[in-house]
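Engineer: Quick note on numbering: the sequence shown equals residues 53 to 539 in the numbering used here.
Yeah, the Cβ is synthetic: ideal placement off N, Cα and C, and Gly gets one too.
Can you read through this structure? Questions will come right after.
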Amino acid sequence: MTMESTAGRRHRVVVVGGGFGGLSAVRELADADVDVTLVDRTNHHLFQPLLYQVAAGILSPGLIAPALRGILKTQPNVRVLLADVHTLDLDAKVVHAKGPDDRPVDLPYDTLIVAAGATHSYFGKNEFAEFAPGMKTIEDARFTRDAILSKFEMAEEAADPAERAEWLTFVVIGAGPTGVELVGQIAELAHTVLPRDYRSINTKDARIVLLEGAPSVLPPFDKKLQAYTRRVLEGIGVEVHTNSLAIAMDHESITFKSPEGEQTIRARTRIWAAGVAASPLAKQLAGKIGVETDRAGRIPVNPDCTLPGHPEVFALGDMVSLNKLPGVAQPALQEGRYVGEVIKKRLAGSEDIVPFKYFDKGTMATISYRSAVADAFGHRFTGLIGYVMWAFVHVWYLIGWGNRIGTIYQWFRNLVFTKNRNHRIITYSRAKKDINTGRLPTGRLAAILPAASRPEDMSRPLAVPAQAKPADSETLPSTPSETRSGA
Numbered sequence: 053m054t055m056e057s058t059a060g061r062r063h064r065v066v067v068v069g070g071g072f073g074g075l076s077a078v079r080e081l082a083d084a085d086v087d088v089t090l091v092d093r094t095n096h097h098l099f100q101p102l103l104y105q106v107a108a109g110i111l112s113p114g115l116i117a118p119a120l121r122g123i124l125k126t127q128p129n130v131r132v133l134l135a136d137v138h139t140l141d142l143d144a145k146v147v148h149a150k151g152p153d154d155r156p157v158d159l160p161y162d163t164l165i166v167a168a169g170a171t172h173s174y175f176g177k178n179e180f181a182e183f184a185p186g187m188k189t190i191e192d193a194r195f196t197r198d199a200i201l202s203k204f205e206m207a208e209e210a211a212d213p214a215e216r217a218e219w220l221t222f223v224v225i226g227a228g229p230t231g232v233e234l235v236g237q238i239a240e241l242a243h244t245v246l247p248r249d250y251r252s253i254n255t256k257d258a259r260i261v262l263l264e265g266a267p268s269v270l271p272p273f274d275k276k277l278q279a280y281t282r283r284v285l286e287g288i289g290v291e292v293h294t295n296s297l298a299i300a301m302d303h304e305s306i307t308f309k310s311p312e313g314e315q316t317i318r319a320r321t322r323i324w325a326a327g328v329a330a331s332p333l334a335k336q337l338a339g340k341i342g343v344e345t346d347r348a349g350r351i352p353v354n355p356d357c358t359l360p361g362h363p364e365v366f367a368l369g370d371m372v373s374l375n376k377l378p379g380v381a382q383p384a385l386q387e388g389r390y391v392g393e394v395i396k397k398r399l400a401g402s403e404d405i406v407p408f409k410y411f412d413k414g415t416m417a418t419i420s421y422r423s424a425v426a427d428a429f430g431h432r433f434t435g436l437i438g439y440v441m442w443a444f445v446h447v448w449y450l451i452g453w454g455n456r457i458g459t460i461y462q463w464f465r466n467l468v469f470t471k472n473r474n475h476r477i478i479t480y481s482r483a484k485k486d487i488n489t490g491r492l493p494t495g496r497l498a499a500i501l502p503a504a505s506r507p508e509d510m511s512r513p514l515a516v517p518a519q520a521k522p523a524d525s526e527t528l529p530s531t532p533s534e535t536r537s538g539a
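In structure tokens form, the structure reads like this:
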């Protein structure tokens, strides 16, 4: 298919989504004779692989979420719009969206690129969202950081040992890279960063649980890397339960089914990292062209990333099913560049368009400080070598040298020299009426500190216990969690 500019104007390209795929396509079109409109419901590009470090207080949000306008300010053929896309009219070739004040925004196009990404999947149990928030946005990461840190504060104030144990129990559901990286950071907070900060509790007593429905952690990885990851996690005090499915939960507990039967854990913190589902726009597109989405809600596309029957519409990234590619950054990045090249070839009248071919650059995940796994270049790496490889790759793919240098600085400051986390602020509202009504002023469900649900909690004020341990945590007697932590 060739493209021709309409008399009096240039070819119009609308890109929905400023993630890895959409931004990659926009940048590839920098030298093309087109007018590009990038529309996103947020004003920033999010580097999701480092989102858990915002939740752990290692990095500030700005380092991994640069403003889209700032990224594209030197690309004159692009305009950026802050709007929420709700309808794609393929017949009229118009994208319908709502601006920040809900007024309608209509974007006509000649070529459309849909790279709307993915959201959380609770596998049909959407009620879990209230009790186990996921982590896909900057707001999610800040919410998770507040949730984790506030539990240590509540444990410090709790006089009842059973209640204190609940505040100090953290359950992460899903042992993919995000789940593994998150429990590793919670363990480092409890065992390395926080012990000297509290007087009435020993943060090393925190119970950290990882649940995974598959037979092993990091299911897509090589078996040797899976075994190594589990050993390291258990060595830093994480309880790993595989073949375990969450079947029920509330604000104070989670019940899961394993080969040993059903078990219930009393835990005030539950974090969902178990699955993703494609953007609802994928289902909308599938309905318009008469195809079925897969179990994850992804829409099938042609080998050149176009929709069947609509060569002017491209879809890419986490929302599409193509060659069984995983929903990670690299396929989206490569698809975005490929789509940009295809558009330029069409504008030039070229018919020499080959199907998209993915180049697998490997997979990797961190476990804890100086421990990571990497499967790249036909080789498998663990420990410090894997950690250095992981750090180099992630810094390289950050946008902007300022963010790269800032990230390296924060890593050295927080992980190497001070063993601290300097982004440990708790930002949720402390208004009692907001907590008791079950919602924060922003409308978020108050899973950080839900209202007390037991009658005795409502009638009994928190009694701050006497100082239970000296300021120097090194003099504390050894406990099983201290032995496991290796900290």
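#1: Within 8 Å, do at least three Cβ pairs link the segment 302-320 to the segment 146-158?
#2: Output the distance between the C-alpha atoms of L374 and L220, rounded to the nearest integer angstrom.
#3: To which residues of the same chain is A108 closer than 6 Å at the C-beta, ignoring the five residues directly before and after it?
#4: Does the Cβ-Cβ distance between D356 and F408 come in under 8 Å?
#5: Alpha carbon to alpha carbon, how far is V447 from V343?
#6: Would you mind sorting R473 into buried or exposed? The rule is 16 or more other CB atoms within 10 Å of its CB.
#7: Expressed to the nearest angstrom, what Euclidean distance is found between the alpha-carbon atoms of Y461 and S112?
#8: Skipping 5 residues on each side, what residues in its chain have a beta carbon closer than 7 Å to that of P352?
#9: Residues in its own chain within less than 6 Å of A207 by CB, not counting five upstream and five downstream?
#10: Out of curiosity, what's the CA-to-CA distance linking L140 and M371?
#11: Using DSSP with H/G/I as helix, E/B as strand and the rest coil, what is F72?
#12: Excluding the five sequence neighbours on either side, which residues of its own chain have a C-beta within less than 6 Å of the C-beta of E264, listed in chain order?
#13: CA-CA distance, S310 and A298?
#14: Hey, quick one: how far does the beta strand (DSSP E) through P363 stretch, first residue to last?
#15: Would you list the one or two residues that DSSP bridges to T358?
#16: Under a three-way DSSP split, which group does R347 fall into?
#17: Secondary structure at E179, three-state DSSP: helix, strand or coil?
#18: Determine whether the beta carbon atoms of H71 and G169 lie at a separation below 8 Å.
#19: Quick check on the DSSP output: the alpha helix (DSSP H) that includes A198 runs from which residue to which?
#20: Could you tell me which residues DSSP puts in a beta bridge with I165?
#21: For V137, which residues in the same chain have their Cβ closer than 8 Å to its Cβ, ignoring the five residues on either side in sequence?
#22: Quick one: Cα of I478 to Cα of P156, how far?
#23: For D412, which residues in the same chain have their Cβ closer than 8 Å to its Cβ, ignoring the five residues on either side in sequence?
#24: Could you give the residue range of the beta strand (DSSP E) that holds K376?
#25: May I ask you to list the residues that DSSP assigns as paired with A426?
#26: Which residue comes first and which comes last in the alpha helix (DSSP H) that contains G458?
#27: Closer than 6 Å by C-beta to I190: which residues in its own chain qualify, once you throw out the five before and the five after it? Chain order, please.
#28: Tell me whether F222 is buried or exposed, calling it buried when 16 or more other Cβ atoms sit within 10 Å of its Cβ.
#29: Ignoring anything shorter than 4 residues, give me the alpha helix (DSSP H) runs that lie fully in the segment 295-350, in order along the chain.
#30: Applying the criterion that 16 or more other CB atoms from any shown protein chain within 10 Å of the CB defines a buried residue, is G289 buried or exposed?
#31: Can you have a look at V232 and say buried or exposed, based on whether 16 or more other CB atoms are within 10 angstroms of its CB?
#32: The alpha helix (DSSP H) spanning P213 covers which residue range?
#33: Going by other Cβ atoms of all chains shown within 10 Å of its Cβ, with 16 needed for buried, is N466 buried or exposed?
#34: Report all residues from its chain with a CB closer than 7 Å to the CB of D192; omit the five preceding and five following residues, and keep chain order.
#35: Quickly, what does DSSP pair R61 with across the bridge? List them, please.
#36: Quick one: what does DSSP say L263 is sitting in, helix, strand or coil?
Structural biologist: If we stick to the structure as given:
#1: With a cut-off of 8 Å, the segment 302-320 and the segment 146-158 do not count as touching, because too few Cβ pairs lie within range.
#2: If you take the alpha carbons of L374 and L220, they lie about 43 Å apart.
#3: Same-chain partners within the cutoff: Q237.
#4: Yes, the Cβ-Cβ distance between D356 and F408 is below 8 Å.
#5: Separation of V447 and V343 (C-alpha to C-alpha, rounded to the nearest whole angstrom) is 39 Å.
#6: Burial of R473 is indicated by the presence of at least 16 other C-beta atoms within 10 angstroms of its C-beta.
#7: Between Y461 and S112, the C-alpha separation is close to 12 Å.
#8: Here the set comprises V343, S373.
#9: Sequence-distant Cβ neighbours of A207 in its own chain, meaning closer than 6 Å and more than five residues away, are R216, W219, L220, I253.
#10: Roughly 15 Å between the two C-alpha positions.
#11: F72 falls in the helix class under three-state DSSP.
#12: When the five nearest sequence neighbours on each side are left out, the beta carbons in the same chain lying within less than 6 Å of the beta carbon of E264 are those of A227, T294, in order along the chain.
#13: Those two C-alpha atoms are separated by around 9 Å.
#14: Taken as a continuous stretch (DSSP letters only), the beta strand (DSSP E) holding P363 covers 362-367.
#15: F366.
#16: In the structure shown, the three-state DSSP call for R347 is coil.
#17: DSSP places E179 in the helix class (H, G or I) of the three-state scheme.
#18: It is Gly, not His, that sits at residue 71 in the sequence shown. Cβ distance < 8 Å, so G71 and G169 count as in contact.
#19: For the record, residue 198 in the displayed sequence is Asp; it is not Ala. Its alpha helix (DSSP H) spans residues 190-209.
#20: V67, F366, per the DSSP bridge assignment.
#21: In the same chain as V137, and ignoring 5 residues on each side of it, the C-beta atoms closer than 8 Å to its own belong to V68, V91, R93, V147, H148, A149, A168, L333, in chain order.
#22: About 36 Å.
#23: The beta carbon of D412 sits closer than 8 Å to those of Q382, all from its chain and outside the five residues before and after it, given in chain order.
#24: Looking at the DSSP string, K376 is not in any beta strand (DSSP E), and its letter there is neither H nor E.
#25: Residue pairing by DSSP places A426 opposite M416, F433 in a beta bridge.
#26: Taken as a continuous stretch (DSSP letters only), the alpha helix (DSSP H) holding G458 covers 453-463.
#27: Excluding positions up to five away in sequence, the list reads P113, A117.
#28: Buried, by the Cβ-count rule.
#29: Entirely contained in the segment 295-350, the alpha helix (DSSP H) runs reaching 4 residues are, in chain order, 332-341.
#30: Buried, because 16 or more other Cβ atoms sit within 10 Å of the Cβ of G289.
#31: The C-beta of V232 has 16 or more other C-beta atoms within 10 Å across all chains shown, which makes the residue buried.
#32: Residues 213-219.
#33: Label assigned to N466: buried.
#34: Result list for D192: P185, G186, in chain order.
#35: BP columns for R61 are empty, so no partner.
#36: Strand.
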